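This note's numbering puts the last residue of the sequence shown at 225; the count rises by one with no breaks.
C-beta: ideal position from N, C-alpha, C; glycine also.
As the structure is a prediction and not an experimental result, all values here were calculated from the model.
One structure is given here, and the rest of the page talks about it.
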Amino acid sequence: MAVALLVLGVQGVVAQTIRSPYRFVEKSQTGGIWAGYLATDRGEVGFGPEAGPILGGRYSIRLSGAFTVEADAGYFSSTRTVLDTAIVEDGFRKVGEADFHALLLNGSLRFNLTGPRTWHRLQPYALFGAGAMVDLTGTSNLDEMLPVDVRYDFGTSFAGQFGGGVEWFPSQRLTFRFDVRDVLWKINTPTAFLLSRLGEETTPDQWTSNFLFSAGAALHF
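Put into structure tokens, the structure is as follows:
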């Protein structure tokens, strides 16, 4: 009788077990790599860099509840058009193409929509942050052929961003994530172009919206 009651009791407990789609994320820190494509807005005149690939790394730490702080660094490799003030049919004369290499640095606050847990191993999130886009190339040979007031210099620009994505947890330690961000930075117009016909149509600087599509892998610890 005792054995029978014990067996029935165990079966009753098992029958009451409910499998939850939610799982808590136990690790609070993350380090990983990511790669993506930066679809750029070259600005009204076309001084900005062309769209191109970007590769980077990321570190994050969960603060409390649904909030996580992240730091990103990405290396962007592309080209940009070098223009002269001489006017042709479709705008300013194109001198040539120059290499453009930059470092995108950002710190972000991430809000996990499911809190410190996953839903069916997925953790969707929204984020916003700020940082800088730093030109690593400097003055090209094509720029040196032009007067100083005609040369375009990207320099270092403030870069704000906002976006969202989803992180997939095949295990507690290894994850994969996909996100889309709108990165904002400023393009300055060289002085000589402001003195030409263009000066009536544009401002000395212009904020542009650039979309970053990325995928990455990370280890949680």
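According to the DSSP secondary-structure assignment, F173 is paired through a beta bridge with no residue. Here the C-alpha atom of R114 lies approximately 28 Å from the C-alpha atom of E54. Shown here for R97: same chain residues with a beta carbon closer than 6 Å to its own, the five before and five after excluded, namely D88 and A90 in chain order. Within the segment 59-128, the complete beta strand (DSSP E) runs of at least 3 residues fall at 71-92, 95-116 and 121-123. Residues P53, E54, G56, E101, A102, D103 and F104 of the same chain have their beta carbon placed closer than 8 Å to that of T83, with the five preceding and five following residues left out of the count. About 5 Å separates the CB atoms of A163 and G135; that is less than 8 Å, so the two are in contact.
In its chain, beyond the 5 residues on either side, L42, A43, T44, D45, D186, V187, L188 and W189 have a beta carbon closer than 8 Å to the beta carbon of N214. Taking all protein chains shown into account, T179 has 16 or more neighbouring C-beta atoms within 10 Å of its C-beta and is therefore buried. With a cutoff of 8 Å on beta-carbon distance, G35 and Y63 are scored as near each other. Its Cα nearest to that of D157, the residue V86 stands out among F182, V86 and F225. Under the three-state reduction of DSSP output, L146 falls in the helix class. Per the C-alpha coordinates, the member of A221, G220 and R155 positioned closest to P194 is R155. Burial of T72 is indicated by the presence of at least 16 other C-beta atoms within 10 angstroms of its C-beta. At the C-beta level, E171 and Q127 come within 8 Å of one another. One thing to note: S112 has its Cβ within 8 Å of the Cβ of L131. Cα atoms of N116 and G50: separation of roughly 37 Å, rounded to the nearest angstrom.
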